[in-house]
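First to last, the sequence lines map onto chains E and D.
The first sequence runs 68 to 264 under the numbering used here.
The second sequence runs 68 to 264 under the numbering used here.
A virtual CB, placed ideally from N, CA and C, is assigned to each residue, including glycine.
Read the structure below first, then the notes.
There are 2 protein chains.
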Amino acid sequence: MHGQSSPRSRASLTPDDWIAGATVLLTDHGIDSVRVDVLAKQLGVTRGSFYWHFKDRDDLLRCVLNAWRDAATEQIIERFEGEHADPRALIKELISLPFRGRAAERAARIELAIRAWARRDAMARQAVDEVDARRISYHAQCFSALGFRIAEARARAFALYAYEVAESILSNQGNAAQKAERSALVERLLLTRLDPA
Amino acid sequence: MHGQSSPRSRASLTPDDWIAGATVLLTDHGIDSVRVDVLAKQLGVTRGSFYWHFKDRDDLLRCVLNAWRDAATEQIIERFEGEHADPRALIKELISLPFRGRAAERAARIELAIRAWARRDAMARQAVDEVDARRISYHAQCFSALGFRIAEARARAFALYAYEVAESILSNQGNAAQKAERSALVERLLLTRLDPA
């Protein structure tokens, strides 16, 4: 008979629980594995209770993207509008970002899974593009503050952001000394002024 | 009764057909979607015929990785041991790689799917690390040929490779003029000699 097992009280689950569960599934198994029935089973609730919170699977996926974007944007604002007023110190900090241990590793895994999804989904693509654009803009402000003209500040910002993205993807390459050497090189190069071409 | 449908002749399918089909599934739907039954259906053959060519799913996945690694390595060797003797010309070419149109886009999609897989699978991790290491080594030879000391050549090689990897991931950022500006900047910076720190 139905209803005789004792699923966790539906009242105790919030939309955030579903979003967090979906994010884990996405990260560990890819977007196609994010299915309402699988999630319900994992959360120990009935499939039907999903619809108390979400219209459908697409609605859940939109919330997953929004949660990621909000967290990413929050991070950016905190970093750039926080204690560091000095653009050089900020650039130094940005260069060290990929080396921040387990939290950085987990964030990188989530982000890579979302990027893979974005290669074949317009909604995910839009979220990723927005976050990337916003991060690059903030990076550009640092270089503008150092006196680089706008177009060059933007190009340097892209190069710095590209390094951060790639360093987190290529984290198995090189030992600690090599990582220190390359991050120091990138920092010096990005702060070096070039003679007019 | 069995055997009355007419699947495509098993003799006409090669291991490469299975590998190609698995690579498409991996790229479009992630590694968890690469399943023998799904592939057999797509290829229009019986599930059993899979075992004429492969021991099991893991065997197929190993072949997918080997095929990708071979293609990637072949590309590297062709590029670096081919016509370009001049390291500056080679560096210029490497910087332009992410802008090579549809073939580059498809290769980037496959590679991103393999990188996402590698985040949670040791066999895929090893293949990706090998290809990255090999590419970085070849890049380093260019900078060594330009007279940079070995450790600095390696750091510059990493920065160049990081730019290539990130540019293909961040391909939606910026218009054509901005892309031209940032690739010109990266080229100039990576060829600029720094005063001793």
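Can you pull the chain D neighbours of residue i, defined as C-beta to C-beta under 7 Å?
i, result
"E:R186", "R176, L179"
Please state whether DSSP places residue i in a helix, a strand or coil.
i, result
"D:P154", "helix"
"E:N133", "helix"
"D:H120", "coil"
"D:V112", "coil"
"D:T140", "helix"
"D:R167", "coil"
"D:Q71", "Confidence at D:Q71 is low in this model, with a pLDDT of 41, below 50, so the placement of that residue is unreliable and no value is reported for it."
"E:D84", "helix"
"D:D262", "coil"
"D:Q240", "coil"
"D:A254", "Contrary to the premise, residue 254 of chain D reads as Glu rather than Ala in this sequence. If DSSP states are grouped into helix, strand and coil, D:E254 belongs with the helices."
"D:E148", "coil"
"D:R102", "coil"
Any Cβ of chain E within less than 8 Å of the Cβ of residue i?
i, result
"D:I162", "no"
"D:E248", "yes"
"D:N239", "yes"
"D:D126", "no"
"D:F225", "yes"
"D:D199", "yes"
"D:D83", "no"
"D:D104", "no"
"D:D123", "no"
"D:I86", "no"
"D:F147", "no"
My assumption, with CB atoms under 8 Å, is that residue i sits in contact with residue j. Please give the rounded CB distance.
i, j, result
"D:V253", "D:I162", "6 Å"
"D:I236", "D:L179", "7 Å"
"D:W119", "D:A194", "With a Cβ gap of about 25 Å, D:W119 and D:A194 do not count as contacting."
"D:A189", "D:I181", "That belief does not hold up - the Cβ atoms of D:A189 and D:I181 are roughly 13 Å apart, past 8 Å."
"E:Y40", "E:R202", "Residue 40 of chain E lies beyond the stretch modelled for chain E, which goes from 68 to 264, so this question has no answer here."
Anything in chain D within Cβ reach of residue i, meaning under 8 Å, just list it in chain order.
i, result
"E:D99", "H96, G97, D99, S100"
List, in chain order, every chain D residue whose beta-carbon is nearer than 9 Å to that of residue i.
i, result
"E:I143", "Neighbours of E:I143 on chain D: none; closest Cβ ~15 Å, over 9 Å."
At 9 Å on the CB atoms, spell out the chain E contacts of residue i, in chain order.
i, result
"D:A218", "A244, Q245, E248"
"D:L261", "L252, R255, L256, T259"
Taking Cβ-Cβ distances shorter than 8 Å, what residues in chain E pair up with residue i?
i, result
"D:E234", "A229"
Taking only beta-carbon atoms, is residue i less than 8 Å away from chain D?
i, result
"E:R155", "no"
"E:I158", "no"
"E:A222", "yes"
"E:A194", "no"
"E:A183", "yes"
Open item on the list: Please give the ranges of any alpha helix (DSSP H) in the stretch 171 to 231 of chain D, keeping only runs that are unbroken, at least 4 residues long and fully inside the region.
Closed with: 189 to 212
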